[in-house]
Structures are given as C-alpha cells and as structure tokens.
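Those protein sequences? They're chains A and B, same order as listed.
Last residue of the first sequence: number 283 in the working numbering, and the count goes up by one each step with no gaps.
Last residue of the second sequence: number 320 in the working numbering, and the count goes up by one each step with no gaps.
Worksheet: the structure to be examined is printed underneath.
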Amino acid sequence: MDNRITPQNSLVSVRNLSFSRGTTKIFDNISLDFERGKITAIMGPSGTGKTTLLKLIGGQLYPDQGTISVDGENVHQLRRAELYNLRKRLGMLFQSGALLTDMNVYDNVAFPLREHTHLPESMIRTLVLMKLQAVGLRGARNLMPNELSGGMARRIALARAIALDPMMILYDEPFTGQDPISMGILVHLIKSLNTTLGLTSIIVSHDVHDTSAIADYIYVLSGGKIVGQGTPKEIQQSESEWVQQFMTGAADGPVHFHYPAKDYVDDLLSSGKRY
Amino acid sequence: MTAFLQYLGQSTRISFTKLGRASCFLLQILAGILSLLARPRLLLKQLYSVGVLSFLIITISGLFVGMVLSLQGYYTLSDFGAEESLGVMVAASLVRELGPVVSGLLFAGRAGSALTAEIGLMKATEQLSGMEMMAVDPIRRIITPRFVAGLISMPLLAALFSAVGVIGGQMVGCGLLGVDEGAFWSQMQSGIDFKDDIINGVIKSIVFGFVSSWIALFEGYDAIPTSEGVSRATTRTVVNSAFSILGLDFILTALMFGEH
Numbered sequence: 009m010d011n012r013i014t015p016q017n018s019l020v021s022v023r024n025l026s027f028s029r030g031t032t033k034i035f036d037n038i039s040l041d042f043e044r045g046k047i048t049a050i051m052g053p054s055g056t057g058k059t060t061l062l063k064l065i066g067g068q069l070y071p072d073q074g075t076i077s078v079d080g081e082n083v084h085q086l087r088r089a090e091l092y093n094l095r096k097r098l099g100m101l102f103q104s105g106a107l108l109t110d111m112n113v114y115d116n117v118a119f120p121l122r123e124h125t126h127l128p129e130s131m132i133r134t135l136v137l138m139k140l141q142a143v144g145l146r147g148a149r150n151l152m153p154n155e156l157s158g159g160m161a162r163r164i165a166l167a168r169a170i171a172l173d174p175m176m177i178l179y180d181e182p183f184t185g186q187d188p189i190s191m192g193i194l195v196h197l198i199k200s201l202n203t204t205l206g207l208t209s210i211i212v213s214h215d216v217h218d219t220s221a222i223a224d225y226i227y228v229l230s231g232g233k234i235v236g237q238g239t240p241k242e243i244q245q246s247e248s249e250w251v252q253q254f255m256t257g258a259a260d261g262p263v264h265f266h267y268p269a270k271d272y273v274d275d276l277l278s279s280g281k282r283y
Numbered sequence: 061m062t063a064f065l066q067y068l069g070q071s072t073r074i075s076f077t078k079l080g081r082a083s084c085f086l087l088q089i090l091a092g093i094l095s096l097l098a099r100p101r102l103l104l105k106q107l108y109s110v111g112v113l114s115f116l117i118i119t120i121s122g123l124f125v126g127m128v129l130s131l132q133g134y135y136t137l138s139d140f141g142a143e144e145s146l147g148v149m150v151a152a153s154l155v156r157e158l159g160p161v162v163s164g165l166l167f168a169g170r171a172g173s174a175l176t177a178e179i180g181l182m183k184a185t186e187q188l189s190g191m192e193m194m195a196v197d198p199i200r201r202i203i204t205p206r207f208v209a210g211l212i213s214m215p216l217l218a219a220l221f222s223a224v225g226v227i228g229g230q231m232v233g234c235g236l237l238g239v240d241e242g243a244f245w246s247q248m249q250s251g252i253d254f255k256d257d258i259i260n261g262v263i264k265s266i267v268f269g270f271v272s273s274w275i276a277l278f279e280g281y282d283a284i285p286t287s288e289g290v291s292r293a294t295t296r297t298v299v300n301s302a303f304s305i306l307g308l309d310f311i312l313t314a315l316m317f318g319e320h
C-alpha cells in the first residue's frame, strides 16, 4: 500500500518553497502536500520555522521563492479581497489562543460571524452555543479571556476557528504548555472535529507522542529541509539518525548538545579578554 | 570615521524607511474611514475611551493653567496699570497657544500612550495576526476607529481646556486679585477675534490630534512584539508626539499670526 500523497488529492501544496529571515535560511527549496480530510503534522525542533510555514500558508508572509496553493488557488498571487475570501475558509488556532481580550468568550466566538455574516442575533446565539458545546465550554460563555486557563483559552479559540465552518484548520503548537488532562481534551477534540466536520488539519508541533497519536501523515523538518516524512509508523521506524534522535529525545546525536563554539580548552585558557 | 559615516547612513535609512511605513499606514487608515461610517458603534466606544476618559485630566489641568496665567499676568500687567487687560491676556494665551498645545501634550500622555500600549500588546498576543487570519482587516477594525476618535476628541478637549482655563483665570483674577469683572469680560470680548484666534486655535488642535493619534497608533502597530518593545514604543509615542506638537506649533503660529 502506498501512503504517499499525490498532488491530486491535496488541499494545500507547497512547491519549491524558500524563505529566509535576514541571512538565515528558514526553508530551503522544500515541497510538501497536505491531503484533504486528513491530519498532517509538521514536526521539528523549536526554531525550524514551523509557525512561519503556517503564516506562509495563510498568506501573512511572502516566500522568497516557490508557490503555495490552497484549494487550487495560489495564495501569494491572490488580490487582497480574494485572499480575505480564502481566509474565511481557513481557521487558525494560535499558540496563545489570540482571543480578543476586550470581549467575553461569547463575543469572541461570535466575532467572525458578526464580521462576515448578516445573520440575526438569535441565529448567531444558536451558532455560538453550538460551537461552544462542541468544545465543552458552553457554561463558560460569560467569562473574560483573562479568567480562562491556557487550555480553556485554546478550546475557545478552537470554537472561534470553527465558527464559520472552515475547510481547514491550522494548529500552531496546540499542545505546548498543557497539563495532561487539557492535552487529552485537545487531542480528542482535534481528532473528533476533523472527522465529524470533514476538515483538513495541519498541526505544527514538537510534541512527538501526542501528535503521532492523531496524525495521518508527518513531515519532520530541520535546518530548512524535510528530513523525514511518512505515516507515524514509518517515522517511528525511520532509519535516519536525525529523525531517531528527534523521536526519542536523545540529548546528543546529529543535533549537537553544544551550540557551536571554539575549542573548550582554548576558550578557558584565553584570559585577558572579557568575551 | 568610516564607522561613523556608516552609522549615519544606516540610521538615516532606517528613519526614512520608518517614515515610509508610517505613511503607508496612514493611507490604510484613511482608506478605512468610509467603511467606519457604516459601523458607528465602533467609533462610539473609542470616543469614550480616547475622549471621555481624558475629560478629567484636561479639566483639572485647564483650571490650574488658567489660574496661574491670571496670577502671573496680573503681576506684570499691574506694573503698567493695565490690570483690566487680564481677561484678554488669559483668553488669548489659552485659545491661541496653551489650549491646543498643553491639551495636545496631555492627550499624547494620557490617550496616546494608552493607544500604543493597547495596540502593541494586541500585536504581542497575536490578536492582530489572529484577526487577519479571520479575514478581518485589523487596520479597519481596530486602528481607524481609534484614529477618528482621536481626531474628533482632540479639538473638543482643547476647547474644553481653554474654556475651563478662562474660568480659572476669572476666579483668580476677579475673585482673588480684585480685577473688575466687567472690564475682565468686556476686554476679552473685544480683544479676541473669532477667526484669527479661535478658529486658528481649533485648526491647531485638529492638527495636533491628527499627528499624535497617528504617532500613537503607528508606534503600537510597529512595536516589536515583546514587553520591552511595547514599553519602548510607548515612550517613543510620548516623546515623538511632544516634539511634533511643539515643532508644528511653531510652524503653525508663524503661518497664522506671522503677518501681524
């Protein structure tokens, strides 16, 4: 059985993408595909530009080279109005939740509905309560964002992300800094929303265990390149030393424990200079 | 020497790029004004937090500035036996200069810094970015209403400042120092010209409101999204607004009152 994604059934396809910040190359000619209806994970150590990739897909950043197409549309050649129309069909879950702090939970979830539809308040109410029910926080509708725990904030943000019934959700580090229970809830929610709403999900994460539990396909990025890809099983059995180190969390390996520096002994003995 | 030249060139280039970004930002703000008309509620909320909440500081400061003006003016004027001109002196200083300038400075300190901190923190907590991903233009939804609110509030606050200042001047002048009340008001009435003094003062306050709201919002929007970045941006807002207000005041005064 071939698990490789073919371009035909991919919702998002990234082709020959290069992106750099200053002199640092964040992506160096990479190509990825994200299949419709599946959960695809992008993994890699912190600082490999995983969030940057989401921002590129959402059209918030422009690539130096290469193309990104979402549902057949080249994101970076769209006019502003078209890009905004595309974004209405995307949901993004930010690491912090990015809830609007001057509104309560209810108004936050209602925000995209009020901005983009002309529905009467009674219908907005029904929709908001349905979305909040889906994430289990219907009872928290009157709280303000500063009264929520990190896990709750992310669930509210998830309710807001699905408010307009998007075709795809981008998750930026959804599991970071969560206690085991919140983590379990989020893992369950992401999986079940994907199935019940027929979504396509892209998860950016460095949490190996929980992400592999729900992902259908995984890309492992490092140093601007794809160092491994496949189903979670294939990744676990990968022969790449690098992928092995990442999956098992060994302290030293192809990724060195030490930040590049000059020779240790020389450094200690070179007295006189402050640095 | 080369290092110095390099530094000079680089900092000039950075300042000019920033000015360019600020100008583009302003154009985007202005482009959003029409769509704001369809949603007056957004504006009302900002008029409250930018304008109404500055009410107290403007009133109290205006009162004291008027009182001090009257006190100082009296000592100088009485040397020449011209105490009756106290009214026109107080009113002219307030309406032409102190009203717009001092309330502009207070506005930058009270409302401008709050705007920068608010926008900067919204940026730091990804709220602006989140809005963009929800296909809501943060400039139209967040920035334009605040800008228009600043533009409307500032002339009103300056007028309030001058009015309260005149009352403060009258209290001290007539109540404490014994200037004749009839002379105080009638001299003021004949000495202050509606077009030359009042309208010019209003124009000044509109300009200051425009500039300080623009600076405050841009600094917040352009802030480095960390706590240090936001704190620096807030400082820059107050410093740059103060410089711009004082500099522009000189230019505007030269243009408006130069012919006399």
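We treat Cβ as the ideally placed atom computed from N, Cα and C, and that holds for glycine.
Quick caveat: nothing in here was measured; it's all calculated off a predicted structure.
When you compare only the Cα positions, how much space is there between residue i and residue j?
i: Glu157 of chain B; j: Val136 of chain A; result: 53 Å
i: Glu247 of chain A; j: Gln88 of chain B; result: 52 Å
i: Leu64 of chain A; j: Ile202 of chain B; result: 23 Å
i: Ala118 of chain A; j: Ala258 of chain A; result: 45 Å
i: Asn112 of chain A; j: Leu145 of chain A; result: 13 Å
i: Lys233 of chain A; j: Phe64 of chain B; result: 40 Å
i: Pro100 of chain B; j: Thr204 of chain B; result: 12 Å
i: Leu96 of chain B; j: Leu103 of chain B; result: 8 Å
i: Leu113 of chain B; j: Gly172 of chain B; result: 12 Å
i: Ser18 of chain A; j: Ser230 of chain A; result: 23 Å
i: Ile120 of chain B; j: Gly251 of chain B; result: 26 Å
i: Gly236 of chain A; j: Tyr108 of chain B; result: 55 Å
i: Lys199 of chain A; j: Ile210 of chain A; result: 11 Å
i: His266 of chain A; j: Thr184 of chain A; result: 24 Å
i: Gln245 of chain A; j: Leu156 of chain A; result: 40 Å
When we look at the beta-carbon of residue i and count the other beta-carbons within 10 Å, is it buried (16 or more) or exposed?
i: Ala314 of chain B; result: exposed
i: Ser287 of chain B; result: exposed
i: Arg29 of chain A; result: exposed
i: Lys78 of chain B; result: exposed
i: Phe268 of chain B; result: buried
i: Leu68 of chain B; result: exposed
i: Asn11 of chain A; result: The predicted position of Asn11 of chain A is uncertain, since its pLDDT is 47 and thus under 50; a value taken from the coordinates is nonetheless stated next. Exposed: under 16 other Cβ atoms inside 10 Å.
i: Val299 of chain B; result: exposed
i: Glu186 of chain B; result: buried
i: Ala174 of chain B; result: buried
i: Cys84 of chain B; result: exposed
i: Gly311 of chain A; result: The question about residue 311 of chain A has no answer here: the residues shown for chain A are numbered 9 through 283.
i: Ile226 of chain A; result: buried
i: Glu43 of chain A; result: buried
i: Asn154 of chain A; result: exposed
i: Glu181 of chain A; result: buried
i: Phe310 of chain B; result: exposed
i: Lys264 of chain B; result: buried
i: Leu276 of chain A; result: exposed
i: Asn202 of chain A; result: buried
i: Gln230 of chain B; result: buried
i: Tyr272 of chain A; result: exposed
i: Gly242 of chain B; result: exposed
i: Asp218 of chain A; result: buried
For residue i, collect the residues of the same chain with a Cβ closer than 6 Å to its Cβ; drop the 5 residues on either side in sequence, then sort them by chain order.
i: Met255 of chain A; result: Val216
i: Met191 of chain B; result: Pro198
i: Gly159 of chain A; result: Gln186 and Ser190
i: Met316 of chain B; result: Asn260
i: Pro285 of chain B; result: Lys183 and Ala184
i: Gly225 of chain B; result: Gly122, Val125, Gly126 and Leu154
Assuming residue i and residue j make a contact with CB atoms under 8 Å, what is their CB distance in whole Å?
i: Ser163 of chain B; j: Phe221 of chain B; result: 4 Å
i: Met100 of chain A; j: Leu178 of chain A; result: 5 Å
i: Thr176 of chain B; j: Gly280 of chain B; result: 4 Å
i: Gln66 of chain B; j: Ser145 of chain B; result: Going by Cβ atoms, the distance from Gln66 of chain B to Ser145 of chain B rounds to 58 Å, so no, they are not a contact pair.
i: Leu217 of chain B; j: Ile305 of chain B; result: In fact, because the Cβ distance is near 13 Å, the residues do not count as touching under 8 Å.
i: Val251 of chain A; j: Leu61 of chain A; result: Val251 of chain A to Leu61 of chain A, Cβ: 18 Å. No contact.
i: Gly180 of chain B; j: Val290 of chain B; result: 4 Å
i: Arg149 of chain A; j: Leu140 of chain A; result: 6 Å
i: Met194 of chain B; j: Pro120 of chain A; result: 5 Å
i: Asp36 of chain A; j: Ser21 of chain A; result: That belief does not hold up - the Cβ atoms of Asp36 of chain A and Ser21 of chain A are roughly 18 Å apart, past 8 Å.
By Cβ distance below 8 Å, which residues in the same chain neighbour residue i in space, the five residues on each side in sequence not counted?
i: Ser54 of chain A; result: His214
i: Ala283 of chain B; result: Thr176, Ile179, Gly180, Lys183, Ala184, Gly289, Val290, Arg292 and Ala293
i: Arg95 of chain A; result: Gly66 and Gly67
With a threshold of 7 Å on Cβ separation, who are the neighbours of residue i within its own chain once the five nearest residues in sequence on each side are excluded?
i: Ser153 of chain B; result: Leu129
i: Ile34 of chain A; result: Phe27, Ser28, Gly57, Thr60 and Gly232
i: Gln70 of chain B; result: none
i: Lys127 of chain A; result: Note on residue identity: the sequence assigns Leu, not Lys, to residue 127 of chain A. Hits under 7 Å: Leu121.
Next item on the list: Below 8 Å between beta carbons is the criterion; list the residues of the region 106 to 121 of chain B that meet it against any residue of chain A, in chain order.
Entry: none
Positions along the region 173 to 196 of chain B whose CB lies within less than 7 Å of some CB in chain A = Thr185, Glu186, Gln187, Ser189, Gly190, Glu192, Met193, Met194, Ala195 and Val196
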